[in-house]
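*Asks:* Please see the structure below; I have some questions.
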Amino acid sequence: MISLRRAAYVAVLVLVFLPITATTLTAPQAALGEAAPRKRSQSQADSATRGRQVSDAATRARRVSNFATHAGRVTDVAHARRVSDATRARRVSDSAALARRMLAKLKVARALSIRGYSRKRFQSAKGQHKTRCSTREKVLARDGRKVRRNASCHPVKGSWYSPYDGKVLKSEKYVDVDHVVPLSYAWRSGAKRWSAAKRRAFATDLRRPELITVSHSANIAKGGQGPQSWRPQRRAHWCRYATSWITVKHHYRLFVTRAERTALLNMLRTC
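In terms of our numbering, the sequence shown has 286 at position 145, counting the first letter as 1, and numbering is strictly consecutive.
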């Protein structure tokens, strides 16, 4: 009888504690099962955060690289400009020094009489030395920008810069071809004694800086005057004007007056 009671007691205990044990054993497993997705979700978030950080770092690095490249380019451009400016200044200085040496070699004398002067004395005889393009048309084509000429070689479109006064001329009608050393001035500086062929060569010389395009108004203002009585309106052109004048006179062995020589030296000081 006692054994039966013990057996029943044990059976009751088993029935009471077995669900509790099963629940206790199952709960951690369930907790683990729920925690695993949560851990994976957190891992994915951390991975995404690290990805964003890497991407942001790459973007910053790219921006720094681009800025460094841009800064390098700016530095290179600035350096190139400094070198270019220094080279240009050295060339101007050398040109001015050469002009002074050439001027020192020119004979100083009083101007000759204008008697007998005529532009025709510097022109080709009628019917001789004909070419497709005139000297004027060649100079306009040489000095202009985007010049378009017709079948007769005459410019019908283009733009020209006048260094005497800084004007940009959009029509050939407002452009003149100037003799840096005016023909009448050359006549009084020694051309009066030249042969007709040499005077023609002087008037059409495209190799020396004797022929340039200028505005009609500047050419009229200059006329046949020399540097002692007329200078370009733009002071920035004085150096180039003086060196051109001296180069032409030196090549053709034309003499200078004392006043002319002083004026040229003064303009060379602006170089």
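Virtual Cβ for every residue (Gly too), placed ideally from N, Cα, C. All values reported here derive from a predicted model rather than from experimental measurement.
With T276 and T388 assumed to form a contact (beta carbons below 8 Å), what rounded beta-carbon distance in angstroms separates them?
*Replies:* The Cβ separation is near 19 Å, so there is no contact.
*Asks:* Using 7 Å as the threshold, is the C-beta distance between V280 and L352 below it?
*Replies:* Yes, Cβ-Cβ distance for V280 and L352 is below 7 Å.
*Asks:* Can you name, in chain order, every residue of its own chain whose Cβ lies under 8 Å from the Cβ of M433, other than the five neighbours on each side?
*Replies:* In the structure as shown, the chain begins at 142 and stops at 412. Residue 433 is therefore absent and cannot be evaluated.
*Asks:* Is S89 near S356, with beta carbons less than 7 Å apart?
*Replies:* Because residue 89 is not part of the residues shown, which for the chain are 142 to 412, the question remains open.
*Asks:* Can you tell which of E278, R283 and K308 has its C-alpha closest to the C-alpha of P296?
*Replies:* Measuring from the Cα of P296, the nearest candidate turns out to be E278.
*Asks:* Using only CA atoms, which one of A359, G331 and W335 lies nearest to K248?
*Replies:* Of the listed residues, the one whose Cα sits closest to K248 is G331.
*Asks:* Answer yes or no: do D319 and Q374 have a C-beta to C-beta separation smaller than 7 Å?
*Replies:* No, they are not a contact pair.
*Asks:* DSSP state of W301, grouped into three classes?
*Replies:* In the structure shown, W301 sits in a strand (DSSP, three-state: E or B).
*Asks:* Ignore the nearest five residues each way along the sequence and tell me which others in K287's own chain have a CB closer than 8 Å to its CB.
*Replies:* Excluding positions up to five away in sequence, the list reads K298, G299 and S300.
*Asks:* Starting from P406, follow the beta strand (DSSP E) in both directions and report where the run begins and ends.
*Replies:* The sequence shown places Leu at residue 406, rather than the Pro named in the question. Segment R399 to L409 is the alpha helix (DSSP H) holding L406; no beta strand (DSSP E) there.
*Asks:* Per DSSP, which residues does S356 bridge with? Please list them.
*Replies:* DSSP, once it has assigned bridges, lists V316 as partnering S356.
*Asks:* Quick check on this structure: which residue in S254, N360, A245 and S225 has the alpha carbon closest to the alpha carbon of R399?
*Replies:* Minimum Cα distance to R399 is reached at A245.
*Asks:* For the beta strand (DSSP E) containing R286, list its first residue and its last residue.
*Replies:* Looking at the DSSP string, the run of the beta strand (DSSP E) that includes R286 is R286 to R290.
*Asks:* Run through DSSP, which three-state label would L261 get?
*Replies:* Sequence check: residue 261 is Lys here, not Leu. It is helical.
*Asks:* Once DSSP output is grouped into helix, strand and coil, what is the label at V321?
*Replies:* If DSSP states are grouped into helix, strand and coil, V321 belongs with coil.
*Asks:* Taking the alpha-carbon positions, what's the R338 to K363 distance?
*Replies:* The sequence shown places Ala at residue 338, rather than the Arg named in the question. Roughly 26 Å separates the two Cα atoms.
*Asks:* Does R410 have its Cβ less than 7 Å from a Cβ in chain D?
*Replies:* Among the protein chains of the structure shown there is no chain D, as only one such chain exists.
*Asks:* How is L310 classed by DSSP in three states: helix, strand or coil?
*Replies:* Three-state DSSP puts L310 in a strand.
*Asks:* Taking 7 Å as the threshold (C-beta atoms), are K333 and L253 in contact?
*Replies:* A contact, by the Cβ cut-off of 7 Å.
*Asks:* Could you work out which residue in T411, R290 and V397 is closest to M243 when comparing CA atoms only?
*Replies:* Minimum Cα distance to M243 is reached at V397.
*Asks:* From V316 to V309, what does the alpha carbon distance come to, in whole angstroms?
*Replies:* Distance between the alpha carbons of V316 and V309 is about 10 Å.
*Asks:* Who does V249 pair with in a DSSP beta bridge?
*Replies:* Beta-bridge pairing links V249 to V397.
*Asks:* Using the C-alpha atoms, what's the distance from R290 back to I361?
*Replies:* So the alpha carbons of these two residues sit roughly 26 Å apart.
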